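There are 4 protein chains.
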Amino acid sequence: MVRRSKSLLISVIGGSNANGEYLDLAYQVGQELARRGAIVVCGGLAGIMKSVCKGAKEAGGTTIGILPGNDPGEANPYVDLPICTGIGYARNVIVVKSGRAVIAIDGAFGTLSEIGHALGDAIPVIGLRTWNISQDNKVARYIIPANDPVDAVEKAIAAARQRSSRKKRAK
Amino acid sequence: MVRRSKSLLISVIGGSNANGEYLDLAYQVGQELARRGAIVVCGGLAGIMKSVCKGAKEAGGTTIGILPGNDPGEANPYVDLPICTGIGYARNVIVVKSGRAVIAIDGAFGTLSEIGHALGDAIPVIGLRTWNISQDNKVARYIIPANDPVDAVEKAIAAARQRSSRKKRAK
Amino acid sequence: MVRRSKSLLISVIGGSNANGEYLDLAYQVGQELARRGAIVVCGGLAGIMKSVCKGAKEAGGTTIGILPGNDPGEANPYVDLPICTGIGYARNVIVVKSGRAVIAIDGAFGTLSEIGHALGDAIPVIGLRTWNISQDNKVARYIIPANDPVDAVEKAIAAARQRSSRKKRAK
Amino acid sequence: MVRRSKSLLISVIGGSNANGEYLDLAYQVGQELARRGAIVVCGGLAGIMKSVCKGAKEAGGTTIGILPGNDPGEANPYVDLPICTGIGYARNVIVVKSGRAVIAIDGAFGTLSEIGHALGDAIPVIGLRTWNISQDNKVARYIIPANDPVDAVEKAIAAARQRSSRKKRAK
Chain H
13 MVRRSKSLLI SVIGGSNANG EYLDLAYQVG QELARRGAIV VCGGLAGIMK SVCKGAKEAG
73 GTTIGILPGN DPGEANPYVD LPICTGIGYA RNVIVVKSGR AVIAIDGAFG TLSEIGHALG
133 DAIPVIGLRT WNISQDNKVA RYIIPANDPV DAVEKAIAAA RQRSSRKKRA K
Chain X
13 MVRRSKSLLI SVIGGSNANG EYLDLAYQVG QELARRGAIV VCGGLAGIMK SVCKGAKEAG
73 GTTIGILPGN DPGEANPYVD LPICTGIGYA RNVIVVKSGR AVIAIDGAFG TLSEIGHALG
133 DAIPVIGLRT WNISQDNKVA RYIIPANDPV DAVEKAIAAA RQRSSRKKRA K
Chain R
13 MVRRSKSLLI SVIGGSNANG EYLDLAYQVG QELARRGAIV VCGGLAGIMK SVCKGAKEAG
73 GTTIGILPGN DPGEANPYVD LPICTGIGYA RNVIVVKSGR AVIAIDGAFG TLSEIGHALG
133 DAIPVIGLRT WNISQDNKVA RYIIPANDPV DAVEKAIAAA RQRSSRKKRA K
Chain F
13 MVRRSKSLLI SVIGGSNANG EYLDLAYQVG QELARRGAIV VCGGLAGIMK SVCKGAKEAG
73 GTTIGILPGN DPGEANPYVD LPICTGIGYA RNVIVVKSGR AVIAIDGAFG TLSEIGHALG
133 DAIPVIGLRT WNISQDNKVA RYIIPANDPV DAVEKAIAAA RQRSSRKKRA K
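Quick note, the sequences are listed as chains H, X, R and F, same order.
In terms of the working numbering, the first sequence is residues 13 to 183.
In terms of the working numbering, the second sequence is residues 13 to 183.
In terms of the working numbering, the third sequence is residues 13 to 183.
In terms of the working numbering, the fourth sequence is residues 13 to 183.
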C-alpha cells in the first residue's frame with residue numbers, strides 16, 4: 013500500500029515563458045526531486061512547469077499539474093495527474109498550498125503572486141534566480157536563496173521536513 | 013515512464029456523515045475503480061470520501077483528496093495525494109472537474125452542489141442512491157442511475173471513455 | 013453616512029436562458045426587493061440575472077453582479093457594481109454566500125449548484141418554480157416554496173432578518 | 013438611475029497590521045477617492061482596509077469589502093457592501109480584479125500576492141510606500157510610485173480611465 017506519510021509534495025513555480033538557461037535549471041530540479049522520492053506539484057502548463065515535469069518523469073518521478081482551466085488536455089505531456097480547477101489564476105494559491113515547500117525559478121507576475129501566497133501562509137520558499145522583494149526601508153530576507161538545482165532541492169526538502177516535524181511537536 | 017494518457021481519473025462524491033449501508037457501497041466503488049486501474053478523486057475527508065479511498069487503497073489503487081483547507085493532515089488516512097486548496101467548499105467545483113466522470117453516492121448538500129457543477133459542465137454523473145432532481149413540470153433524467161457498485165463503476169468508466177473519444181473526434 | 017447594518021443583501025439566482033414567463037417573475041422580484049430597500053446580488057449576466065437587475069433599477073434599487081470573468085463589460089447593463097472574480101462558475105459560491113437569503117427562479121444546473129451551496133451553508137432558499145430536490149426514499153422540504161414574486165420577496169426578507177437576529181442572540 | 017458606466021471602482025490593498033503612519037495615508041486615500049466619486053474596493057478587514065473605508069465613508073463615499081470568510085460581520089464597520097467569498101485568501105485575486113486600478117499602501121505578503129495578480133492581469137498598480145520588486149539582474153519598474161495620497165489617487169484614476177478608453181478603442 014502506498015502510504016501517504018511517505019509522499020512528500022514539493023511545489024515548483026516559475027513562468028510559462030522562461031528562456032533556455034532557466035528551463036535547464038527547472039529540468040534539473042525535477043530530476044533531483046524525483047531522485048529523492050519527492051512528488052512535483054506545479055501549475056501544469058509550459059515553460060518552467062513543463063521542464064520540471066520532464067525532468068521528474070525522466071528520473072522516474074510523479075507529477076501533479078494544478079491547471080487553471082477545465083481541460084486535462086491543456087496540461088503539458090509530462091503531467092501524470094492533471095487537476096482541473098476551472099478557477100483561472102486563482103489556482104496559484106492551490107499550487108503553493110499543496111507543497112510542503114516551494115522552489116521558485118525565474119518567474120513572471122504569476123510567480124510573484126505565488127511567492128506572496130506562500131510566504132503569507134508560512135510555506136518555505138527557496139529561490140533560484142527568482143524575484144527579489146523588499147519593502148520601504150526595511151531589509152527583507154524572506155526567500156531562501158539557492159545556488160543551484162541540487163542546493164534548491166536539498167533546502168526545500170529540509171524545510172519541508174522541518175515544517176512537518178514542527179507541526180507534529182505542536183500537537 | 014508513467015503516461016498520462018493512461019491515467020483515468022474518476023471522481024466520487026458523497027457526504028461526510030453517511031451511514032453504514034452507503035459506506036459499504038462507497039468502499040466497493042473504490043475497490044472496483046482500483047481493479048480497473050482508475051484513480052479516485054474525492055474531497056479527501058470522512059464518510060463516503062474515506063470509504064471510497066479505503067476501498068481503492070486496499071485494492072492497490074491511487075487516491076487524490078481535494079481538501080477544503082490548508083492542512084494535508086485533514087485528509088483521511090487513505091488519501092495518497094492531498095491537494096490543499098484553502099478555498100473552502102468552493103473546492104467542490106475542482107473535485108468534479110478533475111474527474112472524467114463522477115459517481116455520486118447518497119450525499120448531503122455539498123454533493124448536490126457538486127452534481128450541479130458537474131452537469132453544468134457536461135461531466136457525466138452516475139448516481140448510486142443519491143439525490144433525485146427535477147424541475148417545474150418538466151421530467152428530468154440528468155443523473156444516470158446505477159444499480160450497484162459494479163454497475164456504477166462500469167457506467168462511469170464507459171462514460172469517461174466516450175467523453176474522451178468524443179473530444180478527440182471533435183479536434 | 014450609509015450604515016452597513018441597514019444594507020440587506022438578497023441573492024437572486026436563475027439561469028441565463030430562461031423564457032419570458034420566468035423573466036417576468038424575475039423582473040417583479042427585482043422591483044419588490046428594491047421597494048423594500050434590499051440590494052440585489054446576482055451572477056451579473058443574462059436571463060434571470062438581467063431581468064432581476066432591470067426590475068430593481070427601475071424601482072430605484074442597487075444591484076451587484078458577481079461575474080465569472082475578468083471584464084466588468086460582461087455584466088448586464090443593469091448591474092451597478094460589477095465584481096470581477098476571474099474564478100469561473102466557482103463564483104456561484106460567492107453569489108449565494110453574499111446574500112442573507114436566496115431567491116431561486118427557474119434555473120439550470122448552475123442554479124442547482126447554488127442551491128446546494130446555499131443549503132449546505134444554512135442560507136435560506138426561497139423557490140419560485142425552481143428545482144425540486146429529494147433523496148432516496150427520504151421526503152425532503154429544503155427549499156421554501158413561494159407562490160409569486162411578492163410572496164418570494166417577503167419570505168426572503170423575513171428569513172434574512174430571522175437569520176441575522178438568531179446570530180445576534182447566539183453571540 | 014445609478015448608471016454603471018459612471019461607477020469607477022478603485023481597489024486599495026495593504027496589510028491588516030499596518031502602523032499609524034500608513035493608516036493615515038490609507039485614510040487620506042479613502043477621502044480623496046470618495047471626493048472624486050470613486051468607489052473603494054478592498055479586502056474588508058482591519059488595518060489599511062479599515063482606514064481607507066473610514067476615510068471614504070467620512071467623505072460621503074461608498075465601500076465594498078471582499079471578505080475571505082462567510083460572515084458579513086467580519087467586515088470592518090466602514091464597509092457598506094460586504095461580499096462573502098468563503099474562499100479564504102484566494103479572494104485576493106477578486107479584490108484586484110474588481111478595481112480598474114489598484115493603490116498599494118505598505119502591505120504584508122497578502123499585498124505582495126495581490127500586486128502579482130494585478131500586474132499579471134495588466135491592472136495598473138500605484139504604490140505608496142509598498143513593496144519593491146525586481147528580478148535577477150533585470151531592472152524592473154512595474155509599480156507606478158506615488159508621492160502622497162493625492163498623487164496616488166490621481167494616478168490611479170488616470171490609469172483606470174486610460175485602461176477603459178483603451179479597451180473601448182480596441183472594440
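By construction, the Cβ of each residue, glycine as well, lies at the ideal position given by its N, Cα and C atoms.
Keep in mind the model is a prediction, meaning the values are calculated, not measured.
| query | result |
| --- | --- |
| Whose Cβ in chain F lies nearer than 7 angstroms to the Cβ of R/D133? | N82 |
| What three-state label does DSSP hand R/T123 in the structure shown? | helix |
| Can you list the alpha helix (DSSP H) stretches of 4 or more residues lying completely in the segment 63-113 of chain H, in chain order? | 104-109 |
| Alpha carbon to alpha carbon, how far is H/S23 from H/A168? Give it in angstroms, no decimals. | 9 angstroms |
| So, for R/G100: in the same chain, excluding its five sequence neighbours on each side, which residues have a beta-carbon less than 6 angstroms away from its beta-carbon? | P80 |
| F/G139 lies in the beta strand (DSSP E); which residues open and close that run? | 137-140 |
| For the beta strand (DSSP E) holding R/K50, just list the boundary residues, first then last. | Note that residue 50 of chain R is Ala in the sequence shown here, rather than Lys. Here the beta strand (DSSP E) through R/A50 covers 50-54. |
| Looking at chain R, which residues of the segment 26-41 of chain X have a Cβ within less than 8 angstroms of any of its Cβ atoms? | none |
| In angstroms with no decimal places, state the Cα-to-Cα distance between X/V114 and F/N159. | 55 angstroms |
| Please name the residue in X/I60, X/S110, X/V107 whose C-alpha comes closest to that of X/L140. | X/I60 |
| Since R/A120 meets chain H, which of its residues come closer than 8 angstroms, beta carbon to beta carbon? | Simply none; closest approach about 17 angstroms. |
| Would you kindly work out how many angstroms separate the C-alpha atoms of F/E44 and F/V108, rounded to a whole number? | 19 angstroms |
| Are R/G73 and R/A38 closer than 8 angstroms when you measure CB to CB? | no |
| Under a Cβ-count criterion, where at least 16 other Cβ atoms within 10 Å of its own Cβ denotes burial, should X/E33 be classed as buried or exposed? | exposed |
| With a 10 Å radius around its C-beta and 16 neighbouring C-beta atoms as the bar for buried, classify X/R15 as buried or exposed. | Below a pLDDT of 50, predicted positions are generally treated as unreliable, and X/R15, at 43, falls in that range; the measurement from the model is reported next regardless. Exposed. |
| Check R/V151 in the structure and name its three-state DSSP category. | Summary for R/V151: the model assigns pLDDT 48, below 50, so the residue's position carries little reliability; its value from the coordinates is reported in the next sentence. R/V151: coil per DSSP, three-state reduction. |
| In chain H, which residues lie less than 7 angstroms from R/G100 when you measure between Cβ atoms? | G98, I99, G100 |
| Hey, quick one: how far does the beta strand (DSSP E) through X/L21 stretch, first residue to last? | 20-25 |
| Among the candidates H/A120, H/C65, H/Q40, H/C96, whose CA atom is the shortest distance from the CA of H/S28? | H/A120 |
| Can you grab the Cα-Cα spacing for the pair R/A58 / H/V41, in whole Å? | 47 angstroms |
| Using a Cβ cut-off of 8 angstroms (strictly closer), state whether X/L79 contacts chain R. | no |
| Can you confirm whether R/I145, when its beta carbon is compared against all beta carbons of chain X, has any partner nearer than 8 angstroms? | yes |
| R/S110 touches chain F at which residues, Cβ-Cβ below 7 angstroms? | I95, C96 |
| Using a Cβ cut-off of 8 angstroms (strictly closer), state whether X/S19 contacts chain H. | yes |
| Could you tell me whether the Cβ atoms of F/I127 and H/L124 are closer together than 8 angstroms? | yes |
| For H/D133, count neighbouring Cβ atoms within 10 angstroms of its own Cβ and tell me buried if that reaches 16, exposed if not. | buried |
| Quick one: residues in its chain with C-beta nearer than 6 angstroms to the C-beta of H/A171, no 5 flanking neighbours on either side, listed in chain order? | A113, P136 |
| List the DSSP bridge partners of X/P157. | X/G139 |
| With a threshold of 6 angstroms on Cβ separation, who are the neighbours of H/L93 within its own chain once the five nearest residues in sequence on each side are excluded? | I76 |
| Name the DSSP bridge partner or partners of H/S146? | F/N144 |
| Would you say X/V165 reaches chain R, if we count a Cβ-Cβ gap shorter than 8 angstroms as a contact? | no |
| Tell whether a beta-carbon distance below 8 angstroms holds between F/S6 and F/I138. | Outside the displayed range of chain F (13 to 183) lies residue 6 of chain F, so it cannot be described from this structure. |
| So which residues of chain H does X/V105 contact, with C-beta pairs closer than 9 angstroms? | T97, G98, I99 |
| Which same chain residues end up closer than 7 angstroms to R/K62 when comparing Cβ atoms and leaving out the 5 residues on each side of it in sequence? | N88, Y90 |
| Hey, does H/S125 have any beta-carbon neighbour from chain F nearer than 8 angstroms? | yes |
| Taking the straight line between their C-alpha atoms, what separation do you get for F/A96 and R/A116? | The amino acid at residue 96 of chain F is misidentified as Ala; the sequence shows Cys. Rounded to the nearest angstrom, the two C-alpha atoms are 19 angstroms apart. |
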